[in-house]
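Notes for the one structure printed next.
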Amino acid sequence: GIQVEQSPPDLILQEGANSTLRCNFSDSVNNLQWFHQNPWGQLINLFYIPSGTKQNGRLSATTVATERYSLLYISSSQTTDSGVYFCAVGISSNTGKLIFGQGTTLQVKP
Amino acid sequence: DAGVIQSPRHEVTEMGQEVTLRCKPISGHNSLFWYRQTMMRGLELLIYFNNNVPIDDSGMPEDRFSAKMPNASFSTLKIQPSEPRDSAVYFCASSLQILTEAFFGQGTRLTVV
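From first to last, the protein sequence lines stand for chains V and P. Under this note's numbering, the first residue of the first sequence is numbered 1, with each subsequent residue one higher. Under this note's numbering, the first residue of the second sequence is numbered 1, with each subsequent residue one higher.
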């Protein structure tokens with residue numbers, strides 16, 4: 001089955017720093033989402049981005065489907081950005097299944 | 001919209017007991033998913049429904065697990081009998097259609113002692 005690999009697994013930043021999280025996937029996808037799991041366990045939608053580039057405030061994401069990767073950019077990080085960031089992909093063949101990566105755990109220090 | 005609503009938020013039960021988790025999807029969404037999150041296996045899909053019909057239940061770990069969707073606004077995930085290894089956070093998610101953006105509920109943290 002499709003493999004989803006996220007890097008780095010862990011990241012520690014000082015408040016105000018920028019970061020890039022990467023998601024590689026091993027097969028063609030037609031659904032890709034980025035989620036933030038906050039310290040209370042809630043999964044928050046960041047981007048639905050099967051291709052192209054989107055921006056939302058300090059966050060932006062780019063998916064290059066032909067090269068099978070997606071990037072999540074966090075600029076001017078804040079302590080509230082701490083948590084786990086998941087990439088999840090869906091493949092065609094009439095399935096709605098999302099395959100999750102193992103996540104990147106981000107800690108932003110004040 | 002209130003989002004995907006799950007209940008209960010926390011459940012502690014004794015081994016062997018029946019557990020029922022509940023989910024109300026976002027109104028108008030016709031795809032519903034049940035996921036389980038554990039430290040060992042991460043987030044994995046258990047089953048999903050499209051238009052109230054189960055489409056793929058290959059992720060359901062054992063016959064002890066069953067899921068139903070009697071109507072477009074309600075689904076249940078039942079474990080009978082429960083075992084300590086079932087302890088996990090169970091998420092329900094819904095989307096407008098298959099392969100569109102999925103939205104997750106706040107999860108049910110299940111502890112089986």
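Glycine included, C-beta positions come from ideal geometry on N, C-alpha and C.
Sub-8 Å separation of residue i and residue j beta-carbons
| i | j | result |
| --- | --- | --- |
| T108(P) | P25(P) | no |
| N50(P) | A72(P) | no |
| E44(P) | N45(V) | no |
| Q6(P) | Q106(P) | yes |
| N24(V) | I91(V) | no |
| Q37(V) | V84(V) | yes |
| D63(P) | I47(P) | no |
| K78(P) | V19(P) | yes |
| C23(P) | S75(P) | yes |
Coil, strand or helix - residue i by DSSP
| i | result |
| --- | --- |
| T79(V) | helix |
| A93(P) | strand |
| A65(V) | helix |
| D10(V) | strand |
| R41(P) | coil |
| R36(P) | strand |
| P84(P) | helix |
| I91(V) | coil |
| V112(P) | strand |
| P70(P) | strand |
| N30(P) | coil |
Boundaries of the beta strand (DSSP E) in which residue i is found, first to last residue
| i | result |
| --- | --- |
| Q37(V) | 31-37 |
| E171(V) | Residue 171(V) falls outside the range modelled here, since chain V spans only 1 to 110, and no answer is possible. |
| S7(P) | 5-7 |
| Q107(V) | 104-109 |
| E11(P) | 10-13 |
| N24(V) | 19-25 |
| T100(P) | Per DSSP, T100(P) belongs to no beta strand (DSSP E) and is neither H nor E. |
| N52(P) | Where N52(P) is concerned, there is no enclosing beta strand (DSSP E), given that its DSSP letter is neither H nor E. |
Of the residues that make up the segment 28-44 of chain V, which ones have a beta carbon closer than 7 Å to any beta carbon in chain P?
N30, N31, Q33, G41, Q42, L43
For the segment 45-65 of chain V, which residues have a beta carbon sitting closer than 8 Å to at least one beta carbon of chain P?
N45, Y48
The segment 97-106 of chain V / the segment 11-18 of chain P touching (three or more Cβ pairs under 8 Å):
Counting C-beta pairs with one atom in each stretch, the segment 97-106 of chain V and the segment 11-18 of chain P have fewer than three that are closer than 8 Å, which means they do not touch.
Please list the residues of the segment 96-110 of chain V that have a C-beta atom closer than 9 Å to any C-beta atom in chain P, keeping them in chain order.
Cβ contacts with chain P: G96, K97, L98, I99, F100, G101, Q102, G103.
Evaluate the contact criterion for the segment 16-23 of chain V versus the segment 65-78 of chain V: three or more CB pairs, one atom per stretch, below 8 Å.
The segment 16-23 of chain V makes contact with the segment 65-78 of chain V: 3 or more CB pairs, one atom from each, lie closer than 8 Å.
Determine which residues of the segment 92-113 of chain P have a Cβ less than 9 Å from any Cβ of chain V, and write them out in chain order.
A93, S95, Q97, I98, L99, T100, E101, A102, F103, F104, G105, Q106, G107, R109
Taking any Cβ of chain V, which residues in the segment 23-46 of chain P have a Cβ under 9 Å from it, in chain order?
S31, F33, Y35, Q37, G42, L43, E44, L45
Scan the segment 56-78 of chain P for residues whose Cβ lies nearer than 7 Å to a Cβ of chain V and list them as they occur along the chain.
D56
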